[in-house]
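Visitor:
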Amino acid sequence: ILDILFIVPILFFDILLIRLFNRFSKKKDLRSKNYYKVVSRVYSGIIHFMAFIGVMLVLGVKLSNIFDFISAILNFKIFTIAGTAISLITIIVMVVIVYISAKFSNIAQNYFNERIFPRFKIDIGVRASLSKLIRYSIIAIGVLIALQGVGIKLSALTVFAGVLGVGIGFGMQNITANFVSGLAILFERPIKEGDMVKLKDTIGVVKSIKLRATVIKTIYNEHLIVPNLEFVNSIVENMSYDDLKLRISVKVGVAYGSNPYMVKKALLDAALSTPDILSFPEPVVYLKEFSDSSINFELLAWIDEPMKKFQATSDLHFSILDKFKEQNIVIPFPQTDVWIKEMPEDFQ
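Mapping of the sequence shown onto the numbering used here: position 168 corresponds to residue 168, and the numbering continues sequentially without gaps.
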C-alpha cells in the first residue's frame, strides 16, 4: 500500500507536466508551428520515461538493474547486414534519424515555398517541382546518414543493391518506369501543377505531380490518378504550357439567303458581349464553306484562362442565339429539295 501511495504522485506529476506543456503551447500558439508535433512527442517521451524510472525505483528495483535490463533488450542482436550486427537500438537510431530527416524535409519544403520562392518570383509550377526535389533529397541524405551512423558500410551494400536492383527491375518494371518518368517530368516540366491538360479523352487540371503518378482533377470534379509513364509515352495537350490564353472555336451554319456580312457582324458582337471573351486578341470570323443546307461560319475568340473554356463557350452560344434572333438570322435544319422533271400520267 505504501508503494502505491508513492506511485500515485509520480503518475500525477507525469500527467500534470504534460498538461502544463499543452497549456503553454496553446497560450504561445505553438501548435501552429511545423516543429510542434516533434517537440511534443519528444517531451512526452522523456516525461513518461522518467515516470517509468520513478515507478521502478519505488517498487524496489535498483537503478543499475533497470539500465542493465534495458541495455540487454536494446543490444539484442536481431540479424546481420554486410558484417554489421543489427540490434534493436540500431533500428531505433535508424528510424529516429530517418524520421527527423523526413520532418526536417517538410519544414525545409514549407520554408522554401513560403519565403524563398516568392522572394525570387519563381513560377508556381517550378516551385512545386523544386520543393519536391528538395524534400526527396533531404530524405535520401537522412537515409544515407542513418546507414553510415549505425556502422553499415555503404560500399558493402553495393553488390547486394546490384542484385536486388536486377530482381526489382524484373518484378517492378512498371513502378520503376513510372518513377523514372516522374523524375523526367519534374526536371523537364512538360506539365506542372495548375496546368490544364488533355490526355486522350480526359481534360482536367494537374493538382499534384508525384514520383509514381500524377493527380488530375477533371471538369466533373473527379480525381484521376494517372501513371507518369502515360505522360511520357502519350501525346499530351497542355493548354497552359507557356501562355494561359486559350482560343475557342464556335462553328455555326446559317440559311441560304442570309446576308453574310450581317452574320459576321452578329458573331463579332456576340463575342464582344460575352463576359469572359477577350477584346485583344480580337475575335475573328471566317466563312468556312457552302454546305448542302447552310452557309457555315467559324468564330474564333480568346479567353484568359483555360479553366473558363467550357463556361465561356456556353455563354458564347447563348450570345450568338440572342444576336441571331435580333437580326432574324435563321439556323437551318438539314434539308434536301427534290425536283420532279416529269410527272407520270397515272400519278395521283
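Where a beta carbon is used, it is the ideal one built from N, C-alpha and C, also for glycine.
Remember, it's a predicted structure, so these values are computed and weren't measured experimentally.
Going by beta carbon distance, what residues of the same chain come within less than 7 Å of A213, once the five residues before and after it are set aside?
Guide: For A213, where only same-chain residues beyond five positions count, the Cβ hits under 7 Å are N178, I225, V226, P227 and N228.
Visitor: In angstroms with no decimal places, state the Cα-to-Cα distance between D29 and F79.
Guide: Between D29 and F79, the C-alpha separation is close to 45 Å.
Visitor: Sort V180, A301, A270 and A271 by Cα distance to P281 and report the nearest one.
Guide: Here the closest residue by C-alpha is A301.
Visitor: Return yes when the Cβ of P344 is within less than 8 Å of the Cβ of S294, no when it is not.
Guide: Against a cut-off of 8 Å, the Cβ pair of P344 and S294 comes out as no contact.
Visitor: Using the Cβ count rule (16 or more neighbours within 10 Å means buried), how would you classify I97?
Guide: The residue is buried, with at least 16 neighbouring Cβ atoms inside 10 Å.
Visitor: Considering just the uninterrupted stretch of the beta strand (DSSP E) at N75, what are its terminal residues?
Guide: No beta strand (DSSP E) contains N75, which DSSP labels as neither H nor E.
Visitor: Looking only at C-alpha atoms, which of G45, Y256 and S319 sits nearest to Q289?
Guide: Going by the sequence as given, residue 289 is Glu instead of Gln. For the residues G45, Y256 and S319, the minimum Cα distance to E289 belongs to Y256.
Visitor: When the Cα of K217 is compared with those of L211, K27, M262 and L199, which residue comes out closest?
Guide: When each option's Cα is compared against that of K217, the closest is L199.
Visitor: If you measure from the CB of K192, is any heavy atom of the ligand COA nearer than 7 Å?
Guide: By its list of ligands, the structure shown contains no ligand whatsoever, and the ligand COA lies outside what it can speak to.
Visitor: How big is the Cα-Cα spacing for V205 and A51?
Guide: Cα to Cα, the separation comes out at about 53 Å.
Visitor: Taking a contact to mean a Cβ-Cβ separation below 8 Å, would you say I134 touches F112 in this structure?
Guide: For I134 and F112, yes; Cβs fall inside 8 Å.
Visitor: Around the C-beta of F231, are 16 or more other C-beta atoms found within 10 angstroms, so that it is buried, or is it exposed?
Guide: Its Cβ being crowded by 16 or more others within 10 Å, F231 is buried.
Visitor: Is S258 helix, strand or coil by DSSP?
Guide: Three-state result, S258: coil.
Visitor: Who are the Cβ neighbours of S131 in its own chain at under 7 Å, not counting the five residues just before and after it?
Guide: Answer for S131: Q109, F112 and N113, listed in chain order.
Visitor: Check this for me: beta carbons of I235 and D276, under 8 Å apart or not?
Guide: Contact: no.
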